[in-house]
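Student: Numbered according to the working numbering, the sequence shown spans residues -8 to 324.
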Amino acid sequence: MKELLSKVIPALKQGEHVVLCTILKSSGSTPRGAGAHMAVFPDGRTEGTVGGGAVELAVTKLAGEVADEGGSRVEHYHLAPNQAADLGMVCGGDLAVLLQTLKEEDVPMLQAMSQAMEGQENIWLAVELRDGKAVQTGFCCADRRLQFAQGTQSVQSLCRSHPVWEMNGEEGWYVEPIHSGTMVYVFGAGHVSRALVPVLKSVNFAVTVYDPRMMLADRTWFPQADRIICGDFADIGAHIHVTAEDYMIIMTPGHEADREVLAQALRTPATYVGCIGSRRKISATKEYLAQRGFDEADWARVHAPIGLPIGGETPAEIAISIAAQLIEHRSKR
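1. Could you compute how far the alpha carbon of A291 sits from the alpha carbon of I309?
2. Over the uninterrupted alpha helix (DSSP H) stretch that includes R271, give me the two end residues.
3. According to DSSP, is S193 part of a helix, a strand, or is it coil?
4. From what residue to what residue does the beta strand (DSSP E) around D85 run?
5. Taking buried to mean at least 16 other C-beta atoms within 10 Å of its own C-beta, is T305 buried or exposed?
6. Please name the residue, chosen from R283, I311, A125, Q106, that lies closest to V88 on a Cα-to-Cα basis.
7. Can you list the beta strand (DSSP E) stretches of 3 or more residues lying completely in the region 115 to 191, in chain order?
8. Compute the beta-carbon to beta-carbon distance between Q127 and A103, rounded to the nearest angstrom, for a pair I have assumed lies under 8 Å.
9. Could you give the DSSP three-state label for A75: helix, strand or coil?
10. I267 and V252 look like a contact to me (Cβ under 8 Å); what is the Cβ gap, rounded to whole Å?
11. Does the region 231 to 248 come within contact of the region 176 to 189, defined as at least 3 CB pairs closer than 8 Å?
12. With H, G and I counted as helix, E and B as strand and the rest as coil, what does DSSP make of V233?
13. Does DSSP put A310 in a helix, in a strand, or in coil?
14. Quick one: measure Cβ to Cβ for I313 and L187, integer angstroms, because I've assumed they're closer than 8 Å.
15. Who are the Cβ neighbours of R210 in its own chain at under 8 Å, not counting the five residues just before and after it?
16. Between the alpha carbons of V200 and P296, how many angstroms are there, rounded?
17. At what residues does the alpha helix (DSSP H) containing L101 begin and finish?
18. Quick check: what's the CA-CA separation for D34 versus H28?
19. Could you spell out the range, first to last residue, of the alpha helix (DSSP H) harbouring R218?
20. I need the straight-line Cα distance from C12 to T51, nearest angstrom please.
21. Is there contact here, the region 151 to 171 with the region 14 to 28, by at least three beta-carbon pairs under 8 Å?
22. Can you name the residues that DSSP bridges to I240?
23. Quick check: the Cα distance between G298 and L280, rounded to an integer number of angstroms?
24. Name the DSSP beta bridge partners of T199, please?
25. Please name the residue or residues paired with H28 in a DSSP beta bridge.
26. Measure the alpha-carbon distance for Q282 versus V264 and round it to whole angstroms.
27. Do you know how far the Cα of L48 is from the Cα of Y68?
28. Here's the rule: buried if 16 or more other CB atoms are within 10 angstroms of the residue's CB, otherwise exposed. What is H8?
29. Judging by CA-CA distance, which residue of V198, R136, T259, G44 is the nearest neighbour of I227?
30. Under 6 Å Cβ to Cβ from T143, same chain only, skipping five residues before and after it: list those, please.
31. By alpha-carbon positions, which one of V98, M108, M205 ends up nearest to A197?
32. The beta strand (DSSP E) with G387 in it runs from where to where?
33. In its own chain, which residues sit with a C-beta less than 7 Å from the C-beta of E66, not counting the 5 before and 5 after it?
34. Distance check for S269 and A248, CA to CA, integer angstroms please.
35. Can you tell me which of P203, G84, K192, L191 puts its alpha carbon nearest to the alpha carbon of G42?
36. Determine the direct distance from the alpha carbon of A117 to that of S161, and round the result to whole angstroms.
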């Protein structure tokens, strides 16, 4: 969403009307799910996608009509198998798409929302719908208080980890998480970390790289990282505060450092703790922790060896297996 806003806001400042197309709900075999966005500009140019193919073409065409009206509309696409085939889809499915005209007067709200997404907290887009139209738009931060719109109490319970479209008759709200405050801490700046960081960024994780070696804890090696910390593995708490939303990936250059970081990680409420290494190394690490008072319940929190067992051996393959496991963990939450 942030990248989309970086294209939309300048156009609005120039007086253009831009139609934001959002999938509110989908079922069956549809190309994209709830929360997919596409912006349609006056010249027909688009940014983002609601699925591609003929479905997207139909939405883009309708966006032109909505822009001319200067309003908004919820459009339903009920796709039986034969209709799906006509639209270039394999199977049938249902889509509800909100087409919403954005104007120059919306810039302050969009800029505030974009700025809020610079921080490390959860952000939700909130749109009130009435009679098939958007009547007000705002956003919520971590405190769940609605900004630039009214109805905080109604929206707070809808701020969840997935898009929610809740209607009472013809009135209701669409609330969607557009930015996650979750941070993935990667301890160790070696070859696997260099392969892992861009993969994690491509699937919408914020990433901090942590390593005591100044030559490696450098943006030259990690241009996509949100933050790079050069700090002692023996005292990570001096530099970071780990919350229950955060992930900790341990792949330092040596066994001793791995154990030091892992012992500290298990004292945090992190939702995910993973450690790289062979099964032999992992067994020795478990024994080391047991000698220092950690029990089976503590060890049960550790994903070790880290990553899904896809059989990869190269840094790139290991990075994919780790990213896949984090995606799996995030989805289950």
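Ideal Cβ placement from N, Cα and C applies to all residues, glycine included.
Tutor: On the basis of the data shown:
1. In the sequence shown, residue 291 corresponds to position 300, counting from 1. In the sequence shown, residue 309 corresponds to position 318, counting from 1. Between A291 and I309, the C-alpha separation is close to 22 Å.
2. Locating residue 271 in the sequence shown gives position 280, counting from the first residue. Counting along the chain, the alpha helix (DSSP H) containing R271 begins and ends at 270 to 282.
3. Mapped onto the sequence shown, residue 193 falls at position 202. Here S193 sits in helix by DSSP.
4. Residue numbering aside, residue 85 sits at position 94 when the sequence shown is read from its first letter. Segment 84 to 93, the beta strand (DSSP E) holding D85.
5. Reading the sequence shown from its first residue, position 314 is the one you call residue 305. T305 comes out exposed.
6. Locating residue 88 in the sequence shown gives position 97, counting from the first residue. The shortest Cα separation from V88 among R283, I311, A125, Q106 belongs to A125.
7. 124 to 131, 155 to 159, 162 to 170, 174 to 178
8. For the purposes of this step, residue 127 is taken as the residue at position 136 of the sequence shown. For the purposes of this step, residue 103 is taken as the residue at position 112 of the sequence shown. About 15 Å separates the two Cβ atoms, so there is no contact after all.
9. The count along the sequence shown starts at 1 and reaches residue 75 at position 84. Annotation note: pLDDT 49 at A75 (below 50); position unreliable, coordinate value reported separately. Helix at A75.
10. Mapped onto the sequence shown, residue 267 falls at position 276. Mapped onto the sequence shown, residue 252 falls at position 261. Contact flag wrong, Cβ pair sits at about 11 Å.
11. yes
12. By one-based count along the sequence shown, residue 233 stands at place 242. It is coil, neither helix nor strand.
13. As a position in the sequence shown, residue 310 is number 319, starting the count at 1. Correct three-state label for A310: helix.
14. On the sequence shown, position 322 is the one that residue 313 refers to. On the sequence shown, position 196 is the one that residue 187 refers to. At roughly 6 Å, the Cβ-Cβ gap stays under 8 Å, so I313 and L187 are in contact.
15. For the purposes of this step, residue 210 is identified with residue 219 of the sequence shown, where counting begins at 1. If we look at R210 and ignore the five residues flanking it on each side, its Cβ neighbours are A216, I219.
16. In the sequence shown, residue 200 corresponds to position 209, counting from 1. In the sequence shown, residue 296 corresponds to position 305, counting from 1. Cα-Cα distance, rounded: 20 Å.
17. In the sequence shown, the residue the question calls residue 101 occupies position 110. Looking at the DSSP string, the run of the alpha helix (DSSP H) that includes L101 is 98 to 107.
18. The residue you call residue 34 lines up with position 43 of the sequence shown. The residue you call residue 28 lines up with position 37 of the sequence shown. Roughly 18 Å between the two C-alpha positions.
19. Against the sequence shown, residue 218 aligns to sequence position 227. Not the alpha helix (DSSP H): R218 falls in the beta strand (DSSP E), residues 218 to 220.
20. Counted from its first residue, the sequence shown places residue 12 at position 21. Counted from its first residue, the sequence shown places residue 51 at position 60. Near 9 Å, if we compare the C-alpha coordinates of T51 and C12.
21. yes
22. For the purposes of this step, residue 240 is taken as residue 249 along the sequence shown, with counting starting at 1. Note: I240 sits in a beta bridge opposite V177, G265.
23. Counted from its first residue, the sequence shown places residue 298 at position 307. Counted from its first residue, the sequence shown places residue 280 at position 289. Counting only the Cα atoms, L280 lies some 21 Å from G298.
24. Here residue 199 is taken as the residue at index 208 of the sequence shown, counted from 1. For T199, which the question treats as bridged, DSSP gives the partners Y176, R218.
25. One-based indexing of the sequence shown puts residue 28 at position 37. DSSP lists T13 as partners of H28.
26. Within the sequence shown, the letter at position 291 stands for residue 282. Within the sequence shown, the letter at position 273 stands for residue 264. Roughly 19 Å separates the two Cα atoms.
27. Translated into positions along the sequence shown, residue 68 becomes position 77. Translated into positions along the sequence shown, residue 48 becomes position 57. Roughly 13 Å between the two C-alpha positions.
28. To locate residue 8, count along the sequence shown from 1; it is residue 17. Here H8 is buried, its C-beta having at least 16 other C-beta atoms within 10 Å.
29. Numbered from 1 along the sequence shown, position 236 holds the residue referred to as residue 227. Measuring from the Cα of I227, the nearest candidate turns out to be T259.
30. Within the sequence shown, numbered from 1, the residue matching residue 143 stands at position 152. For T143, where only same-chain residues beyond five positions count, the Cβ hits under 6 Å are R136, L137.
31. Position 206 of the sequence shown, counted from the first residue, corresponds to residue 197. It is M108.
32. Given that the chain is displayed from residue -8 to residue 324, the structure contains no residue 387 and the question cannot be resolved.
33. Taking the first residue of the sequence shown as position 1, residue 66 is located at position 75. The answer, listed in chain order, is L53, V88, L90.
34. Taking the sequence shown and counting its residues from 1, the one referred to as residue 248 is at position 257. Taking the sequence shown and counting its residues from 1, the one referred to as residue 269 is at position 278. Distance between the alpha carbons of A248 and S269: 15 Å.
35. The residue labelled residue 42 in the question sits at position 51 within the sequence shown. Considering only alpha carbons, the answer is G84.
36. Numbered from its first residue, the sequence shown carries residue 161 at position 170. Numbered from its first residue, the sequence shown carries residue 117 at position 126. One point to set straight first is that residue 161 is Glu, not Ser, in the sequence displayed. Roughly 17 Å separates the two Cα atoms.
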